[in-house]
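Here this note's numbering is used: the first residue of the sequence shown is 30, the next is one more, and so on. Below: one structure, written as structure tokens.
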Amino acid sequence: MLSGDFVERFVDRGFTKIDLAVGVSGIVSMGLEILAGRVLAPRFGSTIYTWGSIIGVSMLALSLGYLHGGRTSYGASFRDLEKFMVYTTGYIFFVMFAGEFLLSAAAGLPVPPRYASIVPVAVLFGPPTYFLGYVSPYAAQLSSKDTKGGASGHFYAVGTAGSILGAFGTTFLLVPFVPTDWIYIFFASLTLIPLLGDLKALKAVSPFLILVIGALLITSSSVSGETVYTDSTVYQELKVSDSDGVRTLYLDGQPQSAVYLNGSGYPWKYLDFFHLPFLMRDDVEDVLFIGGGGFVGPQEFAGMGYDVDAVELDPGVVKAAQQYFNLSEGPNLQVFTQDGREFLRETNDTYDVIYLDAFKKSQVPFHLTTKEFMQLVHDRTDRNGVVVSNIISTSSGPGSKFAKAEYATMSSVFESTYFFPTRETGLAQNIELVATKNQRVNQSVLFERADSYKKKNLTDEVSMMRNFSSGDAMVLTDEYAPVERLLNPLVGRDYVVG
30 MLSGDFVERF VDRGFTKIDL AVGVSGIVSM GLEILAGRVL APRFGSTIYT
80 WGSIIGVSML ALSLGYLHGG RTSYGASFRD LEKFMVYTTG YIFFVMFAGE
130 FLLSAAAGLP VPPRYASIVP VAVLFGPPTY FLGYVSPYAA QLSSKDTKGG
180 ASGHFYAVGT AGSILGAFGT TFLLVPFVPT DWIYIFFASL TLIPLLGDLK
230 ALKAVSPFLI LVIGALLITS SSVSGETVYT DSTVYQELKV SDSDGVRTLY
280 LDGQPQSAVY LNGSGYPWKY LDFFHLPFLM RDDVEDVLFI GGGGFVGPQE
330 FAGMGYDVDA VELDPGVVKA AQQYFNLSEG PNLQVFTQDG REFLRETNDT
380 YDVIYLDAFK KSQVPFHLTT KEFMQLVHDR TDRNGVVVSN IISTSSGPGS
430 KFAKAEYATM SSVFESTYFF PTRETGLAQN IELVATKNQR VNQSVLFERA
480 DSYKKKNLTD EVSMMRNFSS GDAMVLTDEY APVERLLNPL VGRDYVVG
């Protein structure tokens with residue numbers, strides 16, 4: 030039998046089934062920890078708070094497993110160790126099917142935003158990690174080593190080697206290329222490997238395993254009619270969906286770009302604000318976008334005859350834009366797949382207008398927010414250069430902390446900074462921060478220029494200009510840019526896109 034042969038070959042190489050169990054527990058515990066970051070990102074962001082919760086809960090669960098395993102391991106048999114591997118398998122499958130419901134329920138709990146991710150991490154990933162914590166103390170008790178120290182050292186080494194394999198394998202092989210549900214299946218199946226050759230144990234779990242995989246195959250074959258494309262990229266979960274004549278790109282569950290399916294334009298009003306720089310300077314020719322998404326903005330300005338460079342970090346996003354948002358490079362549009370700050374540091378080109386459009390509601394790459402970055406942006410614009418930063422914030426109250434800090438940061442580098450909320454609402458929304466190297470222009474002048482701007486009616490956009498004070502907000506720097514803390518009030522709040 031194939032399963033028995035596998036175990037026999039493993040044992041023939043000088044290892045034991047106990048070694049195999051310990052190695053597998055290391056692989057799966059670390060793999061689940063890495064996977065947790067991807068699972069939680071759409072609802073809770075990929076912030077320092079999220080990762081701190083994941084690491085903290087994982088360490089706590091393992092510690093409790095070690096503690097209780099050590100207390101109950103005396104007189105244990107290998108069958109007792111197998112029991113905890115089966116518990117782990119069962120709970121992983123439970124998470125696979127109930128995870129989305131549990132995440133939704135956890136998101137609605139009255140927990141302060143910065144601590145909100147602790148609950149779902151504990152519920153989803155705490156129990157299987159706890160069960161795996163039993164393996165090492167049971168293995169040490171069952172070992173044939175002469176001394177407890179020798180057994181403990183041996184299994185620490187085997188478990189750590191498994192954790193290393195789980196970390197690298199999940200990061201570089203599984204998450205970028207395999208759907209999340211199939212990663213769950215892989216880890217759940219992996220925990221059963223030490224049972225191979227034990228027909229009694231396998232018979233006990235095989236009906237459940239067959240039922241779960243069959244259910245997954247059925248559900249995965251009936252994809253929702255609205256979803257036209259999904260992908261797990263190295264950086265995020267990506268989905269393209271069609272609804273009510275609108276095609277929308279979602280990144281980690283957050284809407285990023287949208288177009289009308291009939292080709293008549295875009296439904297989100299905030300893109301009209303991208304024309305404001307043309308009221309603040311003349312003779313625009315060269316434009317740069319940091320952040321591509323669906324490349325709606327870059328394509329619009331390239332179609333108007335401007336020379337556009339667009340920089341997008343994620344190759345998966347570029348691929349989706351090419352297939353579903355009609356992105357194609359041409360004489361007026363070049364696409365670069367790399368980090369925006371790296372691109373600015375390496376290029377010698379200067380631009381008339383630079384758009385910073387790489388932010389999501391709860392996920393902001395801090396290195397694209399700091400004074401040092403803004404100085405680099407300043408250096409890559411010409412003497413009349415204009416910069417537009419599209420951020421998500423509220424225009425007042427606790428939710429405006431990030432907007433105030435970014436406004437203060439841009440003001441520390443540029444001569445003039447303007448504040449344009451895109452809607453009259455107290456909810457989180459797109460806010461356009463416009464910075465220039467020239468003296469401030471008052472709103473009445475912008476209205477006059479809007480009257481003569483023929484490519485778009487910008488009267489409504491100019492009317493949204495607000496006198497805004499950053500107060501005593503900090504200037505973000507490479508040394509200290511606590512964007513997670515500043516964005517914390519937005520976690521769980523409604524976001525009005527466009």
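Ideal Cβ positions, reconstructed from N, Cα and C, are used throughout, including at glycine. Computed from a predicted model, the values in this text were never measured in an experiment.
Exercise. Short check: CB of residue 505 to CB of residue 398, under 7 angstroms?
Worked result: If you number the sequence shown from 1, residue 505 lands on position 476. If you number the sequence shown from 1, residue 398 lands on position 369. Result yes, Cβ atoms of residue 505 and residue 398 sit closer than 7 angstroms.
Problem set entry | Proximity to residue 323 [Cα-Cα], best of 360, 284 and 314 | Working through the sequence shown from its first residue, we reach residue 323 at position 294. Out of 360, 284 and 314, 284 has the C-alpha closest to the C-alpha of residue 323.
Exercise. Are residue 268 and residue 262 touching if we call contact CB-CB under 7 angstroms?
Worked result: Residue mapping note: residue 268 aligns to position 239 of the sequence shown, counting from 1. Residue mapping note: residue 262 aligns to position 233 of the sequence shown, counting from 1. Going by C-beta atoms, residue 268 is not nearer than 7 angstroms to residue 262.
Exercise. Of all the options 385, 126, 422 and 95, which has the alpha carbon lying nearest to the alpha carbon of residue 523?
Worked result: In the sequence shown, residue 523 corresponds to position 494, counting from 1. Closest option to residue 523, Cα to Cα, is 422.
Exercise. Would the beta-carbon of residue 161 fall within 7 angstroms of that of residue 117?
Worked result: Translated into positions along the sequence shown, residue 161 becomes position 132. Translated into positions along the sequence shown, residue 117 becomes position 88. Cβ atoms of residue 161 and residue 117: closer than 7 angstroms.
For this session: Tell me residue 436's beta-bridge partners as DSSP assigns them.
Result: Position 407 of the sequence shown, counted from the start, is the residue given in the question as residue 436. Answer is none; residue 436 lacks a bridge partner.
For this session: Measure the C-alpha to C-alpha separation of residue 416 and residue 305 and round it to an integer number of angstroms.
Result: Position 387 of the sequence shown, counted from the first residue, corresponds to residue 416. Position 276 of the sequence shown, counted from the first residue, corresponds to residue 305. Approximately 10 angstroms, taken between the alpha carbons.
Exercise. Quick one: what's residue 289 bridged to in DSSP?
Worked result: Here residue 289 is taken as the residue at index 260 of the sequence shown, counted from 1. Paired residues: 275.
Exercise. Hey, quick one: how far does the alpha helix (DSSP H) through residue 126 stretch, first residue to last?
Worked result: Along the sequence shown, read from residue 1 onward, the residue named residue 126 stands at position 97. Its alpha helix (DSSP H) spans residues 107-136.
For this session: Spatial neighbours of residue 507 within its chain, please: CB distance less than 6 angstroms, with the 5 preceding and 5 following residues excluded, ordered by chain position.
Result: Numbered from its first residue, the sequence shown carries residue 507 at position 478. Taken in chain order, the residues that qualify are 399 and 401.
Exercise. Residue range of the alpha helix (DSSP H) that residue 302 falls in?
Worked result: Here residue 302 is taken as the residue at index 273 of the sequence shown, counted from 1. Per DSSP, residue 302 belongs to no alpha helix (DSSP H) and is neither H nor E.
Exercise. Among 341, 143 and 212, which residue has its Cα nearest to the Cα of residue 198?
Worked result: One-based indexing of the sequence shown puts residue 198 at position 169. Considering only alpha carbons, the answer is 212.
Problem set entry | Rounded separation between residue 145 and residue 96 - CA only | Position 116 of the sequence shown, counted from the first residue, corresponds to residue 145. Position 67 of the sequence shown, counted from the first residue, corresponds to residue 96. C-alpha of residue 145 to C-alpha of residue 96: approximately 27 angstroms in a straight line.
Exercise. Excluding the five sequence neighbours on either side, which residues of its own chain have a C-beta within less than 6 angstroms of the C-beta of residue 517, listed in chain order?
Worked result: As a first step, residue 517 is located in the sequence shown; it is residue number 488 there, counting from the start. Counting only Cβ-Cβ distances below 6 angstroms, and skipping sequence neighbours, we find 142 and 143.
Problem set entry | residue 340 versus residue 510 - alpha carbon distance | If you number the sequence shown from 1, residue 340 lands on position 311. If you number the sequence shown from 1, residue 510 lands on position 481. Using only the alpha carbons, I get a separation of about 23 angstroms.
Exercise. Who does residue 420 pair with in a DSSP beta bridge?
Worked result: Locating residue 420 in the sequence shown gives position 391, where the first residue counts as 1. Paired residue(s): 460.
Exercise. With residue 166 and residue 120 assumed to form a contact (beta carbons below 8 angstroms), what rounded beta-carbon distance in angstroms separates them?
Worked result: Position 137 of the sequence shown holds residue 166. Position 91 of the sequence shown holds residue 120. With a Cβ gap of about 19 angstroms, residue 166 and residue 120 do not count as contacting.
Exercise. In the DSSP assignment, what are the bridge partners of residue 363?
Worked result: As a position in the sequence shown, residue 363 is number 334, starting the count at 1. Bridge partners of residue 363: 338.
For this session: Would you mind sorting residue 459 into buried or exposed? The rule is 16 or more other CB atoms within 10 Å of its CB.
Result: Here residue 459 refers to the residue found at position 430 of the sequence shown. So residue 459 ends up on the buried side.
For this session: Identify, in the order they occur along the chain, each residue of the same chain with its Cβ nearer than 6 angstroms to the Cβ of residue 272, setting aside the five sequence neighbours on each side.
Result: Indexing the sequence shown from 1 puts residue 272 at position 243. Here the set comprises 255.
Problem set entry | residue 575 to residue 405 span [Cα, whole Å] | This structure does not reach residue 575, given that the chain is present from 30 up to 527, and the question cannot be answered.
For this session: Taking only the alpha-carbon atoms, compute the straight-line gap between residue 487 and residue 478 and give it to the nearest angstrom.
Result: As a first step, residue 487 is located in the sequence shown; it is residue number 458 there, counting from the start. As a first step, residue 478 is located in the sequence shown; it is residue number 449 there, counting from the start. Answer to the nearest angstrom: the Cα atoms are 9 angstroms apart.
Problem set entry | C-beta atoms of residue 428 and residue 290 nearer than 7 angstroms | Stepping through the sequence shown from its first residue, residue 428 is reached at position 399. Stepping through the sequence shown from its first residue, residue 290 is reached at position 261. No, these two residues do not count as a Cβ contact at 7 angstroms.
Exercise. Mapping DSSP to helix, strand and coil, what is residue 442?
Worked result: Within the sequence shown, residue 442 is the residue found at index 413, counting from 1. Three-state result, residue 442: coil.
For this session: Would you be able to state if there are at least three C-beta pairs under 8 angstroms between the region 125-143 and the region 186-198?
Result: no
Exercise. In chain order, what residues of the same chain lie with their CB nearer than 8 angstroms to the CB of residue 169, ignoring the 5 residues before and after it?
Worked result: As a first step, residue 169 is located in the sequence shown; it is residue number 140 there, counting from the start. Within the same chain, residue 169 has close Cβ partners 102, 177, 180, 181 and 184.
Exercise. Closest by CA to residue 343, which one among 439, 354, 134 and 321?
Worked result: In the sequence shown, counting from the first residue as 1, residue 343 sits at position 314. Its Cα nearest to that of residue 343, the residue 321 stands out among 439, 354, 134 and 321.
Exercise. What are the residues that DSSP puts in a beta bridge with residue 267?
Worked result: Here residue 267 refers to the residue found at position 238 when the sequence shown is read from its first residue. Its beta-bridge partners are 260 and 280.
Exercise. On the premise that residue 380 lies in contact with residue 414, defined as a C-beta separation below 8 angstroms, what is that separation, rounded to the nearest angstrom?
Worked result: Taking the first residue of the sequence shown as 1, we reach residue 414 at position 385. Taking the first residue of the sequence shown as 1, we reach residue 380 at position 351. Separation of the CB atoms of residue 414 and residue 380 is rounded to 7 angstroms, and the pair is thereby assigned contact status at 8 angstroms.
Exercise. Tell me, which residues are paired with residue 203 by DSSP?
Worked result: As a position in the sequence shown, residue 203 is number 174, starting the count at 1. For residue 203, which the question treats as bridged, DSSP gives no partner whatsoever.
Problem set entry | Rounded separation between residue 451 and residue 298 - CA only | Taking the first residue of the sequence shown as 1, we reach residue 451 at position 422. Taking the first residue of the sequence shown as 1, we reach residue 298 at position 269. Cα-Cα distance, rounded: 7 angstroms.
Exercise. When you compare each of 88, 346, 274 and 375 to residue 205 by their alpha carbons, which one comes out closest?
Worked result: Walking along the sequence shown from the start, residue 205 turns up at place 176. Each of 88, 346, 274 and 375 was checked against the Cα of residue 205, and the nearest Cα belongs to 346.
Exercise. If you follow the alpha helix (DSSP H) that residue 96 is part of, which residue opens it and which one closes it?
Worked result: On the sequence shown, position 67 is the one that residue 96 refers to. That run of the alpha helix (DSSP H) goes 77-101.
Exercise. Where does the unbroken beta strand (DSSP E) through residue 381 begin, and where does it stop?
Worked result: Here residue 381 refers to the residue found at position 352 of the sequence shown. Per DSSP, residue 381 belongs to the beta strand (DSSP E) from 380-385.
Exercise. Is residue 447 helix, strand or coil by DSSP?
Worked result: As a working note, residue 447 is residue 418 in the sequence shown. Strand, per DSSP.
For this session: Say whether chain D places a C-beta atom closer than 7 angstroms to the C-beta of residue 423.
Result: In the structure shown, chain D does not exist; there is a single protein chain.
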